[in-house]
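Let me begin by presenting the structure, written as structure tokens, before commenting on it.
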Amino acid sequence: MVRVSGKIRRLLIDAELVSAEDWASARESGKPVVDVLIERGVIAEKKLYEILALESGIPPVDLSRVKADPKALDALPEDTCKEHMVFPIARRGENLTVAVSDPFDVLLLDDLNILSKCRIRPLLSHPAAIKSALDSVFDHANQEVESLLDQVAHGDLDSAVEEVEREDLEISTGGGDDVPAVKLVNLILIKALRDKASDIHIEPMDAYVRVRFRVDGRLIEMMRPPKSMLPALLSRLKILASLDIAIRMEPQDGKFQIRFERRQIDFRLSMLPVVGGEKAVMRILDQGGVAGSLADLGFEPKCYDDFLRGCKSAYGMLLVTGPTGSGKSTTLYGAVREIAVPEINVVTVEDPVEYRMDGINQVPVNPKRGLTFAGALRSILRQDPDVVLVGEIRDKETAEIGVKAALTGHLVLSTLHTNSAVQAVTRLVDMGIDPFMVASSVVCVAAQRLVRRLCSHCQVPIEVPESELRSVGYTEEEIGNGIQLVGPHKGGCPRCKNGYRGRMALLETLYLDQELKRMIVEEKSAADLQNEGLRQGMLTLRRVGLLNAMRGTTSLEEVLRVTMGD
268 MVRVSGKIRR LLIDAELVSA EDWASARESG KPVVDVLIER GVIAEKKLYE ILALESGIPP
328 VDLSRVKADP KALDALPEDT CKEHMVFPIA RRGENLTVAV SDPFDVLLLD DLNILSKCRI
388 RPLLSHPAAI KSALDSVFDH ANQEVESLLD QVAHGDLDSA VEEVEREDLE ISTGGGDDVP
448 AVKLVNLILI KALRDKASDI HIEPMDAYVR VRFRVDGRLI EMMRPPKSML PALLSRLKIL
508 ASLDIAIRME PQDGKFQIRF ERRQIDFRLS MLPVVGGEKA VMRILDQGGV AGSLADLGFE
568 PKCYDDFLRG CKSAYGMLLV TGPTGSGKST TLYGAVREIA VPEINVVTVE DPVEYRMDGI
628 NQVPVNPKRG LTFAGALRSI LRQDPDVVLV GEIRDKETAE IGVKAALTGH LVLSTLHTNS
688 AVQAVTRLVD MGIDPFMVAS SVVCVAAQRL VRRLCSHCQV PIEVPESELR SVGYTEEEIG
748 NGIQLVGPHK GGCPRCKNGY RGRMALLETL YLDQELKRMI VEEKSAADLQ NEGLRQGMLT
808 LRRVGLLNAM RGTTSLEEVL RVTMGD
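Residue numbers 268 to 833, in this note's numbering, belong to the letters of the sequence shown in order.
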């Protein structure tokens, strides 16, 4: 764990750049505090290091432009560099220049002095940049993977699968480790986890196998093994997931688990017969990627307050809507963490249970055994629950049980597939739920989308004509005050992928007050409900996106890609 001195905390809080609450929330994430504050947009990286450099008298350094000196790397152990996040840059005689992220950690500098037997000359750099530099020189496994990928891309499969680094990868189902297909599967899994992919697609083409990763919501082609590898590749995956390798013309679903970098990673495997063979898709479920709380998700203050108010309700229904892959489950898990205390009985019914939560009773749906959402929900209500999370409302039966549970003193959290918050209300009515029951049970509805977050290190200013700004939804007042938008740097930098780094959620909330409930009972249209919500100050998905584009946390292009005009 990287040490962060209390002086940095006091410096940022005293300068009113960071609140004590922001610091505490970032610390709870378990990641380097400074990294988290920058990722969340609490403070700009450039501003942070200007202040640290000015206060400490230590100049900053851009490690992406630095070539490490082998003599400097030999001066400090690899484990020490990775543990304390320091990067040796150059050695001249008894002087060792080292990049550090905390210029006020005197104890660390003393330790480095003793270990290297050199006078330490510190330079200032960002933790993520230091990690990237360390990976480039010390991470032998990653270098091996990159080399293998290059060999696969050029068709030299025999050489590519000859050696795969296994120190950080342990698969619970062993056997046949010397088989090329086994090593190729390991290669694909390692690369996907290091690239923070959410899904892996393995698809048969006419002359090759296409392997694609979904990173930050976009599919990226990674390699093209020869078509002859497909049967062995898919058989290995089926063995891992305990599926029948003899079945090739029927869909199959399974799961398996591996250990990677000292943590357990779950994979959901789906096999589907297609023209040319079978296609495999793996969803990666990494416990380390789940947000710790709602505050970590970066919602707009009004949307956060509306949603939190719904979470704190004694009873009622809280709905999150959006397409598949829009982060609805993550938001609901954050809501559960917000309200789960030992005095409350929280039970979930999910298909499947994606992430385990301590202290929560989680029930997996199993249609083959007759355990549907509706059936599980009925049983759960006999388990004396206070809060019930239903993974998805798919039919009238589940909706009716959920509404009745919300009306009988339970807080019900669930999801629907609609495009906006108001459409969730009308969808329940269309499913056959009485409008009076909908108005009486639903407390708050939220619609959600995910957009890619701009890399704060390499983003560049862009010029957008005023006519276009008006057409997308910016107000005349905002345009008059001057809107400076930023976009991704073409090609990105060592810390990001094509100018983007991670994703963030856009949340639109509709908190149902008495007027909106009255309109629902009177069966007003979705347009009427939307207009009333806007009159009350509701922020739409498009509006939330535009606000984030103005702040530079995402690009206008991303906002227009995932949201509809108001």
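Each residue gets a CB set at the ideal place from its N, CA and C atoms; glycine is no exception. The structure presented is a predicted model; accordingly, all values stated were derived computationally and were not measured.
Subject >> Same chain, Cβ closer than 8 Å to alanine 255, neighbours up to 5 away in sequence not counted >> reply: The first residue shown for the chain is 268 and the last is 833, placing residue 255 beyond what the model contains.
Subject >> Backbone secondary structure at glycine 324 - three-state DSSP >> reply: coil
**OP:** Specify the secondary structure class of leucine 586 as computed by DSSP and reduced to three states.
**Re:** strand
Original post:
Run through DSSP, which three-state label would asparagine 362 get?
Top reply: strand
Original post:
So is threonine 821 buried or exposed if we call it buried at 16+ other beta carbons inside 10 Å?
Top reply: buried
Original post:
How long is the line joining the alpha carbons of glutamate 432 and aspartate 329, rounded to whole angstroms?
Top reply: At glutamate 432, the pLDDT of 40 sits below 50, so the modelled position is not reliable and the matter cannot be decided from this model.
**OP:** Quick one: which unbroken alpha helix (DSSP H) runs of 4-plus residues sit fully inside the segment 603 to 651? Chain order, please.
**Re:** 640 to 647
Original post:
Which one of Trp290, Asn815, Gly658 and Pro732 has the shortest CA to CA distance from leucine 680?
Top reply: Gly658
Original post:
Are glutamate 488 and arginine 479 touching if we call contact CB-CB under 7 Å?
Top reply: yes
**OP:** Would you kindly work out how many angstroms separate the C-alpha atoms of leucine 391 and alanine 366, rounded to a whole number?
**Re:** 6 Å
Original post:
What alpha helix (DSSP H) runs, 4 residues minimum, are completely inside the segment 434 to 507?
Top reply: 447 to 461 and 497 to 507
Subject >> Residue range of the unbroken beta strand (DSSP E) whose run includes threonine 665 >> reply: Taken as a continuous stretch (DSSP letters only), threonine 665 belongs to no beta strand (DSSP E), being part of the alpha helix (DSSP H) at 663 to 674.
Subject >> Cβ separation of serine 331 and cysteine 760, assumed to be a contact under 8 Å, to the nearest whole Å >> reply: 6 Å
Original post:
Taking the alpha-carbon positions, what's the isoleucine 381 to glutamate 322 distance?
Top reply: 26 Å
**OP:** Can you grab the Cα-Cα spacing for the pair serine 509 / isoleucine 455, in whole Å?
**Re:** 19 Å
Original post:
Within the chosen definition, does the segment 694 to 712 reach the segment 774 to 787 through at least 3 CB pairs nearer than 8 Å?
Top reply: Three or more beta-carbon pairs separated by less than 8 Å link the segment 694 to 712 to the segment 774 to 787, which places the two stretches in contact.
**OP:** Under 8 Å by Cβ, that's how I've got leucine 586 and leucine 656 pegged, so tell me the actual separation to the nearest angstrom.
**Re:** At roughly 12 Å, the Cβ-Cβ gap does not stay under 8 Å, so leucine 586 and leucine 656 are not in contact.
**OP:** Indicate the three-state DSSP secondary structure (helix, strand or coil) for alanine 691 in the structure shown.
**Re:** Here alanine 691 sits in helix by DSSP.
Original post:
Which two residues bound the contiguous beta strand (DSSP E) that contains cysteine 711?
Top reply: 709 to 721
**OP:** Check the C-beta distance from glycine 843 over to arginine 720 and give it rounded, since I have them as a contact under 8 Å.
**Re:** Only positions 268 to 833 of the chain appear in this structure, which leaves residue 843 out of reach.
**OP:** With a threshold of 16 other CB atoms inside 10 Å of the CB of glutamate 283, please say whether the residue is buried or exposed.
**Re:** Around the beta carbon of glutamate 283, fewer than 16 other beta carbons sit within 10 angstroms, so the residue counts as exposed.
**OP:** Please report the residue range of the alpha helix (DSSP H) in which serine 403 lies.
**Re:** 394 to 405
**OP:** Indicate the three-state DSSP secondary structure (helix, strand or coil) for aspartate 302 in the structure shown.
**Re:** helix
Original post:
Between the Cα of glycine 758 and the Cα atoms of Asp553, Leu779, Cys722 and Glu733, which residue gives the shortest distance?
Top reply: Cys722
Subject >> 7 Å Cβ cutoff, glycine 759 in contact with chain D >> reply: Protein chain content of the structure displayed is limited to a single chain, and chain D is not contained in it.
Original post:
Excluding five sequence neighbours on each side, which residues of the same chain lie with their C-beta closer than 7 Å to the C-beta of glycine 832?
Top reply: Within the same chain, glycine 832 has close Cβ partners Gly740 and Arg809.
Original post:
Which residues in the same chain have their Cβ closer than 6 Å to the Cβ of glutamine 519, if we skip the five residues on either side of it in sequence?
Top reply: Leu510 and Met538
**OP:** Would you decide whether lysine 887 is buried or exposed? Buried here means 16 or more other CB atoms lie within 10 Å of its CB.
**Re:** Past the boundaries of the shown model lies residue 887; the chain is included only from 268 to 833, so the question cannot be answered.
Subject >> Straight-line Cα distance separating isoleucine 611 from phenylalanine 640 >> reply: 22 Å
Subject >> Inter-residue Cα distance where the pair is arginine 491 and arginine 477 >> reply: 5 Å
**OP:** Using the Cα positions of threonine 685 and leucine 575, report the straight-line distance between them to the nearest angstrom.
**Re:** 21 Å
Original post:
Cβ of leucine 363 within 7 Å of Cβ of serine 383?
Top reply: yes
**OP:** Look up aspartate 520 in the DSSP assignment and give the residues it is bridged to.
**Re:** Ser537
**OP:** Mark valine 727 as exposed unless 16 or more other C-beta atoms lie within 10 angstroms of its C-beta, in which case mark it buried.
**Re:** Label assigned to valine 727: exposed.
Original post:
When the distance is taken between beta carbons, is glycine 565 closer than 7 Å to methionine 771?
Top reply: yes
Subject >> Close Cβ partners of leucine 823 (< 6 Å) along its chain, the five nearest in sequence each way excluded >> reply: Leu752 and Ala816
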